[in-house]
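The block underneath contains the structure these notes are about, expressed in structure tokens.
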Amino acid sequence: MMNNSKLPRKFYLQNTIEASKAVLGKVLVHRTNEGIISGRIIETEAYLQGDPACHANRGMTPRNEVMFGQPGHAYVYFTYGFHYCFNLVTQPEGIAEAILIRALQPLEGIKLMKRNRNKENPTDLCSGPGKLTQALAIGKPLNKADLLGDQLYLIDDGTDVGEIIAKPRIGIKEAVHEPWRFYPVEYINWVSRK
DNA sequence: ACATCGATCTACT
DNA sequence: GTAGATCGATGTA
Numbered sequence: 638m639m640n641n642s643k644l645p646r647k648f649y650l651q652n653t654i655e656a657s658k659a660v661l662g663k664v665l666v667h668r669t670n671e672g673i674i675s676g677r678i679i680e681t682e683a684y685l686q687g688d689p690a691c692h693a694n695r696g697m698t699p700r701n702e703v704m705f706g707q708p709g710h711a712y713v714y715f716t717y718g719f720h721y722c723f724n725l726v727t728q729p730e731g732i733a734e735a736i737l738i739r740a741l742q743p744l745e746g747i748k749l750m751k752r753n754r755n756k757e758n759p760t761d762l763c764s765g766p767g768k769l770t771q772a773l774a775i776g777k778p779l780n781k782a783d784l785l786g787d788q789l790y791l792i793d794d795g796t797d798v799g800e801i802i803a804k805p806r807i808g809i810k811e812a813v814h815e816p817w818r819f820y821p822v823e824y825i826n827w828v829s830r831k
């Protein structure tokens with residue numbers, strides 16, 4: 638196994654719940670004009686076909702269109718008036734499933750993150766879905782970005798995150814008991830909620 | 001056209 | 001613990 642390899646398209650074709658766990662520990666990298674900003678993925682949520690909490694559950698709209706397309710693309714949407722959320726599109730074309738990235742452990746570009754967030758405490762930089770998009774400068778222009786391109790991509794650096802906890806998802810009103818939120822025990826101090 | 005709501009976060013109590 | 005911010009997508013007319 639080679640280290641520091643970009644996740645292949647095939648990664649996004651496995652079962653979305655399995656992929657939500659497998660992506661924990663991978664590194665999300667954004668190459669911006671001002672420098673590289675990256676963090677280790679440590680909290681995810683799975684959104685599935687037939688899942689009432691999934692944006693795509695009521696059919697295709699301009700907003701969720703990318704979820705119905707090719708796997709390994711970014712679904713970025715705007716919510717609550719001033720936050721963006723970043724998702725990984727999984728499954729073949731026609732099947733609209735995704736993984737919401739909820740928290741990162743900051744790695745590179747921490748200075749830029751602090752500036753983008755106007756915060757100093759490292760655990761305040763990426764501990765929430767809206768926080769990490771602000772820290773990494775991920776906005777609407779990156780909706781539909783190909784995660785196998787050179788601007789925004791995921792790296793496997795060989796890190797093993799150990800035991801993973803499954804809990805109900807946060808901030809939804811349907812399917813509230815499904816345990817489709819995942820984070821590793823080892824990173825509990827960096828996630829959005831314990 | 002217009003009203004409603006949201007996969008949230010912050011600041012304050 | 002909760003109010004308030006703030007705007008695009010969506011549903012209804």
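Position one of the first sequence corresponds to residue 638 (my numbering), numbered consecutively onward. Heads up, the beta-carbon is just placed ideally off N, CA and C, and yes, glycines get one too. Predicted, not measured: the structure shown is a model, and the values here were computed from it.
#1: Could you tell me the alpha carbon to alpha carbon distance between R830 and I802, rounded to whole angstroms?
#2: Would you kindly check if the distance between the Cβ of L644 and the Cβ of D793 is under 9 Å?
#3: Taking DSSP as the reference, what is the three-state secondary structure of Y684?
#4: Please determine if the stretch 663 to 680 and the stretch 807 to 815 are in contact, where contact requires at least 3 C-beta pairs separated by less than 8 Å.
#5: Beta-carbon within less than 6 Å of Q771's beta-carbon, same chain only, minus the 5 sequence neighbours each way: which residues are those?
#6: On the three-state DSSP scale, how would you describe S764?
#7: For the candidate residues L685, G709, A693 and A683, whose alpha-carbon lies nearest to that of L789?
#8: Quick one: residues in its chain with C-beta nearer than 8 Å to the C-beta of N640, no 5 flanking neighbours on either side, listed in chain order?
#9: Taking only three categories from DSSP, how would you classify S675?
#10: Are there 16 or more other CB atoms within 10 angstroms of the CB of F723, so buried, or fewer, so exposed?
#11: If you draw a straight line from the C-alpha of F705 to the C-alpha of L791, how long is it?
#12: Who does P821 pair with in a DSSP beta bridge?
#13: In angstroms, rounded to a whole number, what distance separates the CA positions of A659 and Y649?
#14: Please return the same chain residues whose Cβ sits closer than 7 Å to the Cβ of V822, not counting the five positions on each side in sequence.
#15: Identify whether V703 lies in helix, strand or coil by the three-state DSSP scheme.
#16: Go ahead and label P699 buried or exposed: buried means 16 or more other beta carbons lie within 10 angstroms of its beta carbon, across all protein chains shown.
#17: Do L612 and E671 have their CB atoms nearer than 9 Å?
#18: With burial defined as no fewer than 16 other Cβ atoms inside 10 Å of the residue's Cβ, what is the status of T760: buried or exposed?
#19: Considering only C-alpha positions, which residue in the set A740, R818 and L773 is nearest to W827?
In terms of the structure at hand:
#1: About 12 Å.
#2: Yes, the Cβ-Cβ distance between D793 and L644 is below 9 Å.
#3: Here Y684 carries a strand assignment [DSSP, helix/strand/coil].
#4: The stretch 807 to 815 and the stretch 663 to 680 do not touch, with fewer than three beta-carbon pairs separated by less than 8 Å.
#5: These residues qualify, in order along the chain: N753 and R754.
#6: Residue state for S764 is assigned as coil, using DSSP reduced to three classes.
#7: Ranking L685, G709, A693 and A683 by Cα distance to L789 puts G709 first.
#8: Closer than 8 Å at the Cβ level, and outside the excluded window around N640, lie D793, D794 and G795.
#9: Three-state DSSP puts S675 in a strand.
#10: Buried, by the Cβ-count rule.
#11: Separation of F705 and L791 (C-alpha to C-alpha, rounded to the nearest whole angstrom) is 20 Å.
#12: In the DSSP output, where bridge partners are listed per residue, P821 has I801.
#13: Roughly 10 Å separates the two Cα atoms.
#14: Beyond the five residues adjoining it in sequence on each side, V822 comes within less than 7 Å, by CB distance, of G799, E800 and I802 in the same chain, given in chain order.
#15: Here DSSP, grouped into helix, strand and coil, assigns V703 to helix.
#16: When all chains shown are included, P699 counts as exposed.
#17: Beyond the ends of the chain as shown, which are 638 and 831, falls residue 612; an answer cannot be given.
#18: With fewer than 16 Cβ atoms within 10 Å of its Cβ, T760 is classed as exposed.
#19: Ranked by Cα distance from W827, the options A740, R818 and L773 are led by A740.
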